[in-house]
Amino acid sequence: MFSSKEEFKETFLRRLEMTYGKSFDQISRKDQFYILGQMVKEYISKDWIASIEKTRASKTKQIYYLSIEFLPGRFLGSNVLNLGIMDVLSEGLKDLGIDLSEIEDAEADAGLGNGGLGRLAACFLDSLASLSLPGHGCGIRYKHGLFEQKIIDGYQVEYPEHWLHGFVWEVKKPNLAVEVPFWGKVESYTEDGKLKFRHVDAVKVLAVPYDVPVVGYQNKIVNSLRLWSAEPTIYPGLEDVARYKRETEAVTEFLYPNDTHDEGKILRLKQQYFLVSATLRSIIRSFRKKYIDIELFPEKVGLHINDTHPVLAIPELMRILIDEEGLSWEKAWSITTNTISYTNHTTLSEALERWPIRIMEPLLPRIFMIIHEINERFCEELWDAYPGSWGLIESMAVIAHGEVKMAHLAIAGSFSINGVAKLHTEILKHREMRNFYQFYPHKFNNKTNGITHRRWLLKANPELSALISEAIGDGWIKHPEQLENLKGFSSDQTFLEKLISIKRKKKEQLASRMLKNAGIQVDPHSIFDIQVKRLHAYKRQLLNVFHIMYLYNRMKEDKYFKPYPRTFVFGAKASPGYYYAKKVIKLINSLAEKVNSDPEVNPYIKVVFLENYNVSLAEEIFPAAEISEQISTASKEASGTGNMKFMINGAVTIGTLDGANVEMAERLGQDNIFIFGLRSEEVLNYQSSGGYRPYDYYHADDRIHLICSQLINGFFPDAEEFEPIYDSLLAENDQYFVLRDFSSYIERQKDVSDAYQDQLSWTKKSLMNIAMAGFFSSDRTIQEYADGIWKIQPI
Ligand code: 26Q
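Heads up, the sequence shown is in the numbering used here, so the first residue is 244 and it goes up one at a time.
Here it is in structure tokens:
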């Protein structure tokens, strides 16, 4: 099908005509995508089946990466790239007068995640397959992924999203469906003189798996991403069948859009158990086909939980081992705690999951009973270690004050707990989880995040990739650490000029995208300064806004002040219930309107808010960026991964010493990154000892005074609109230290502008960023997980 472009064209045309009964030029891009996607899927299936067969026959350990979110984006381009059929395909299409990218654009993003955590899971799957490692994703097939964002009058408006229309990649496996029980009660009985428990009178939901192939980079390995969908069972045994059907389908209808703003909704807990229970039942079933001895389980299976969202895997595995396999508590606990490993992605206390007993117990009676027992035994162990320390034990308990603390359950029930960047892991060990670290020092470890350089460089930036390969060969594609060889080109004028012209081209492409999507014309010669990520107070989009307002105000005060032209680009979704975040979106748009329409300032600064930031838009943004805004309050961003996508595309970071920025700075040296602001220690000390008074900064700094006043004095059309933002800074004590870091940020931004004007030295910085980005490939991260946690070998 893809062995030559002639063969490809012939098959493609024949199938299009056969399917749609129209001539080629009458067929829409969407329909063309559908047929091409099917052809690629067919092409994958041979290796996929072979990979599955191999797994079935082999006795090597398999890893299952459980995540409530996966954010893969589009598949066509990356599949084609990883299969090694890019040239045949794009040349064939060129003969037909189309650009592959036009067909790619017809594919909807698989947006089954909120942000960093879900995207990380997708990068990890790509690296697992590309490193030929036996690791599979387990998630939920939400009917609607993350909402589509529209900006109307400057406000975010959410619309449901329909990624499944025309999703060609999945294969439904109805014969592998399993039942997941909710509600009902626990009954005890005796068997062979032993007291046993069973869950009765449950409402059962059918979990049906849909498998999506995960194609490794040119290695013939195809792993699986198994997404579970909820369906009614045939004989629910309930009277109100219509209601049962509605409630069942609701389980996998929507992805929860609240990133850290915990709503404690029962449906979310249902989703969590649904994922875990379906996954474990199917894993145990295939384990049982191969092995007789259940004690081999931890040697043959690793279950990794992505944050606490799938932590019910711990009591669920206990339940299966005790109730179904007939093991003793002690045996079951040893198997469970040697099977499960856990990644923590946050230290923000509002993001640590806790479930009220009154919600969990009726919904999952047997699971709750097991958690209760885990807690009793864990507290006894703590008591032996710290006799009499009630306060300490209560603070570490799995159940306290009527709630189940999911992170405590995860720590007690797993053999490995990792943070996602060095700093984050240190904060976990010595601050947020220090009691647990003292009790279980051997469990804690760091695995600094990474990104797949195949999607974020090779696919997103083919021009830069070609230049790199021309310079250092293409070994970097399999060994991204080889990017460091680019350092040898830092004084090569011709090379640097090529780099400049590629950046220019990517900026021009993004400029047309901005004109098309936002209706704003920007100057491709201006500095492209970009902040794209979820909207959160701690990520401080507000600080970026304040810098723009500062430039605006200075230009108005001093007609001789002409900053070097900059285009400020934002992309961000706010959780629909996050009031403050939505206000910041409105503020960015109000500011954009003021700035862009003012002929005194718009030759120098422009502000663009790109609506509906998602993976496919991100692929257009990173290659065009020159400045990457990574300005979270130090200690709050666990790692960040956008920072790495900017870096590998040659953008220079302005940022705080937070998350993985710290390790970027370590590698880059201070000449190639712009660091500013409070250090994490300082922030944490302020937070524990107090002493921060934003009013001091408001009164002492005229720039701050003016900007804050402009939030409420009619500078923006509706004087009341931004009062909540003003209050967050002054009445609510500026929790994220925006005013405290303002001055240092403004100074650093001035350094950035100055540095940019020496074009060659700037381009060297850019080159250094690309050269040092190899470490941040998820291939390195996954190799560390494989060696340090999972103990798995390539297939
Ligand atoms: C929890 C309870 C109830 C409702 C929602 C949630 C919830 C949902 C999503 C909590 C957290 C998330 C997502 C968190 C996330 O994306 N964290 C990011 O993970 C990245 C990958 O490790 C890091 O790079 C980021 O620093 C971190 O913010």
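Just so it is clear, CB atoms sit at the ideal spot from N, CA and C, and this is done for glycine as well.
Cβ-heavy atom distance, residue i to ligand 1, below 7 Å
i: H387; result: no
i: N857; result: no
i: T589; result: yes
i: S882; result: yes
i: Y499; result: yes
i: L360; result: yes
i: V663; result: yes
i: A351; result: no
i: L830; result: no
i: A877; result: no
i: A594; result: yes
i: R511; result: yes
i: N692; result: yes
i: N689; result: no
i: N357; result: yes
i: L666; result: no
i: L363; result: yes
i: G382; result: no
Integer Cβ distance of residue i from residue j, believed to fall under 8 Å
i: P599; j: G427; result: Rounded, the Cβ-Cβ distance is 19 Å, inconsistent with contact.
i: A664; j: S882; result: 4 Å
i: Y499; j: R511; result: 5 Å
i: A485; j: V519; result: Between V519 and A485 the Cβ distance is about 28 Å, and since that is not below 8 Å, they are no contact.
i: T884; j: R317; result: In fact, because the Cβ distance is near 18 Å, the residues do not count as touching under 8 Å.
i: I918; j: A894; result: Not quite, the Cβ-Cβ distance comes to about 15 Å (not below 8 Å), so this is no contact.
i: K1007; j: L753; result: Incorrect: roughly 23 Å between the Cβ atoms, too far for contact.
Proximity to residue i [Cα-Cα], best of the options
i: R983; options: F1019, W291, L742 and L785; result: L785
i: L324; options: L700, D801 and L758; result: L700
i: V411; options: V455, I535 and M649; result: V455
i: N692; options: D997, N587, D444 and I563; result: N587
i: P239; options: K802, Y823 and L523; result: Since the displayed the chain opens at 244 and closes at 1038, residue 239 lies outside it and no answer follows.
i: S529; options: I670, E296 and K574; result: E296
i: G359; options: A861, K1007, D994 and I918; result: A861
i: L742; options: F965, A867, F390 and F497; result: A867
i: I848; options: H667, A835 and I270; result: A835
i: Q1026; options: K690, I897 and N618; result: K690
i: S971; options: S986, R936 and D961; result: R936
i: D444; options: S871, T589, P605 and E619; result: P605
i: V448; options: E492, L419, E434 and K415; result: E492
i: R590; options: V812, D994 and S878; result: With the sequence shown as reference, residue 590 is identified as Thr, and Arg is not the correct amino acid for it. Per the Cα distances, S878.
i: N787; options: L1003, I989 and I614; result: I989
i: Q392; options: E966, Q930, L778 and P960; result: L778
i: I891; options: K702, K748 and F965; result: K702
i: F687; options: G1031, Q269, D290 and I287; result: G1031
i: E975; options: I636, G409, Y823 and H722; result: Y823
i: K532; options: T298, E345 and K993; result: T298
i: A780; options: W471, E593, M329 and K284; result: E593
i: G912; options: I578, D627, I950 and S1009; result: S1009
Extent of the continuous beta strand (DSSP E) run through residue i
i: T586; result: I583 to T586
i: R809; result: R809 to G814
i: L726; result: Note, L726: premise wrong, no beta strand (DSSP E); not H, not E.
i: Y478; result: Segment: none, Y478 is in no beta strand (DSSP E) and carries neither H nor E.
i: G320; result: Taken as a continuous stretch (DSSP letters only), G320 belongs to no beta strand (DSSP E), being part of the alpha helix (DSSP H) at L319 to L326.
i: K428; result: K428 to E434
i: T695; result: Neither: T695 is in no beta strand (DSSP E) and is coded neither H nor E.
i: A450; result: V446 to V458
i: A640; result: No beta strand (DSSP E) holds A640; DSSP gives it neither H nor E.
Host alpha helix (DSSP H) of residue i (start-end)
i: L546; result: Segment V544 to N549 is the beta strand (DSSP E) holding L546; no alpha helix (DSSP H) there.
i: H948; result: D945 to Q953
i: L314; result: Element bounds for L314: not the alpha helix (DSSP H) but the beta strand (DSSP E), F313 to G316.
i: K888; result: G885 to I891
i: W598; result: Unbroken run through W598 is the beta strand (DSSP E), R597 to P599; no alpha helix (DSSP H).
heavy atom of ligand 3 below 7 Å from residue i C-beta
i: G902; result: Among the ligands in the structure shown, ligand 3 does not appear; only ligand 1 can be found there.
query = Counting pairs of beta carbons, one from the region 251 to 266 and one from the region 331 to 348, are three or more of them closer than 8 Å?
reply = yes
Meets three-Cβ-pair contact criterion under 8 Å: the region 728 to 740 and the region 708 to 715 = yes
message = With three or more C-beta pairs closer than 8 Å as the rule, is the region 367 to 380 touching the region 466 to 479?
response = yes
key: Segment contact flag, the region 348 to 357 with the region 309 to 324, C-beta cutoff 8 Å, min 3 pairs   = yes
ask   = Do the region 898 to 911 and the region 789 to 809 make contact, defined as three or more Cβ pairs closer than 8 Å?
value = no
key: Validate contact between the region 397 to 409 and the region 570 to 581 using beta carbons, cut 8 Å, 3 pairs   = no
key: Contact between the region 851 to 858 and the region 756 to 772 (3+ Cβ pairs under 8 Å)   = yes
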